[in-house]
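Input: a single structure, listed below in structure tokens.
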Amino acid sequence: MPKRQRAPTSPLEVANRKTDKEFIADYLPPDNPPPDTQPWTTTWTHPKTGTEYTVDLVRIESLSERDFMACFQLIEQTSRVDYENSTAGWNARKKMIEMKSPGLRYILVKEKDTAALGGFTSLMPTYEEGQPVIYCYEIHLQPSLQGTGLGSLLMGFHTTIAANLPPITKVMLTCFLANQRGLNFYTRLGFETDDISPVPRTLRYGKLFTPDYLILSKPVRSRFEEGGSTELRSETP
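Residue numbers for the sequence shown follow my numbering, so the first one is 297 and each next one is one higher.
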């Protein structure tokens, strides 16, 4: 007799099984969003040039190869040097495998007329050391779109999802210490070093090991709590 598929029990597991359309409807509602969060939108306009962009949410299993490679190339363009200067180093194959982690959802921002990728973020509801979080795996913008408010828009989506998905109470991400611009951006948005972030420690023979990255997090109050609210500021790198 074939084994029956186990029904999802965790709220995060339920969320990760939803279609993209269901995910947006339940966790990124365009109407009546939680206070101070970013409602979902399918368009974005450059504040200076007036160029129009589309905004789409796509889970990794449905992401086209063209869009996947555009995301990878943007990571390579904007962050390869930081990886090369870290203890982990740059490994294209490992990065691609990580980018294809099952359940990841990508939010793509593409120029309306050309479909050229302007920026993206990827995320997943998950558990980090027992904590339910929205983990921001990546956020990258073309240099020409930095400082336009697009970064805040994308990070605002993370906050909105967290506020709409109990028992999640925070958004979490990893940032290289060398990425000072990114650290400043996250600080302006209310992120702080999380308790699970690695700290310097003494190894054998007295050698001091200093991590080259931080784990940052931002607390988010659920919309289902009485008086619940979140904090979102319009800042961007």
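A virtual CB, placed ideally from N, CA and C, is assigned to each residue, including glycine. Values in this document were obtained by computation on a predicted structure and should not be read as measured data.
Could you give the first and the last residue of the continuous alpha helix (DSSP H) run that contains Lys317?
316–323
Is the CB-CB distance between Ala366 and Leu324 below 7 Å?
Taking 7 Å as the Cβ cut-off, Ala366 and Leu324 do not qualify as a contacting pair.
Environment of Thr444 [buried if 16+ CB atoms lie within 10 Å]
buried
For the pair the region 339–357 and the region 441–456, tell me if three or more CB-CB distances fall below 8 Å.
yes
With a threshold of 7 Å between beta carbons, is Leu469 in contact with chain B?
Absence of chain B from the displayed structure is noted, only one protein chain being present.
Per-residue DSSP class, three states only, for Leu516
Before going on, a small fix: residue 516 reads as Val here, not Leu. DSSP, read as helix, strand or coil, puts Val516 in coil.
Provide the residue(s) that pair with Gln427 in DSSP beta bridges, ordered along the chain.
Glu424
Cβ atoms of Ile430 and Pro421: under 7 Å apart, would you say?
yes
Between the beta-carbon of Gly452 and the beta-carbon of Leu437, is there less than 7 Å?
no
If you draw a straight line from the alpha carbon of Tyr501 to that of Ala384, how long is it in whole angstroms?
Near 22 Å, if we compare the C-alpha coordinates of Ala384 and Tyr501.
Out of Tyr402, Leu499, Thr350, which one is the CA nearest neighbour of Phe319?
If you compare the alpha carbons of Tyr402, Leu499, Thr350 with that of Phe319, the shortest gap goes to Tyr402.
Going by C-alpha distance, which of Gln427, Phe481, Val405 is nearest Tyr349?
Val405
Check the C-beta distance from Asp508 over to Phe472 and give it rounded, since I have them as a contact under 8 Å.
6 Å
If you check the beta carbons only, do Pro330 and Ala458 fall under 7 Å apart?
no
Pick helix, strand or coil for Ser358, following the three-state DSSP scheme.
helix
Can you check the region 468–512 for any alpha helix (DSSP H) of at least 4 residues that lies completely inside it and give the ranges in chain order?
476–484
Leu400 and Tyr379 look like a contact to me (Cβ under 8 Å); what is the Cβ gap, rounded to whole Å?
Actually they do not touch by this definition, with Cβ atoms about 19 Å apart.
With a threshold of 6 Å on Cβ separation, who are the neighbours of Ile492 within its own chain once the five nearest residues in sequence on each side are excluded?
Glu425, Ile511
Less than 6 Å separating the Cβ of Asn381 from some heavy atom of the ligand ZN?
Absence of the ligand ZN is noted for the structure shown, with no ligands found whatsoever.
Could you check if Thr498 is buried or exposed, using at least 16 other CB atoms within 10 Å of its CB as the buried criterion?
exposed
Terminal residues of the continuous beta strand (DSSP E) containing Thr339?
Counted as a single uninterrupted DSSP element, the beta strand (DSSP E) harbouring Thr339 occupies residues 339–341.
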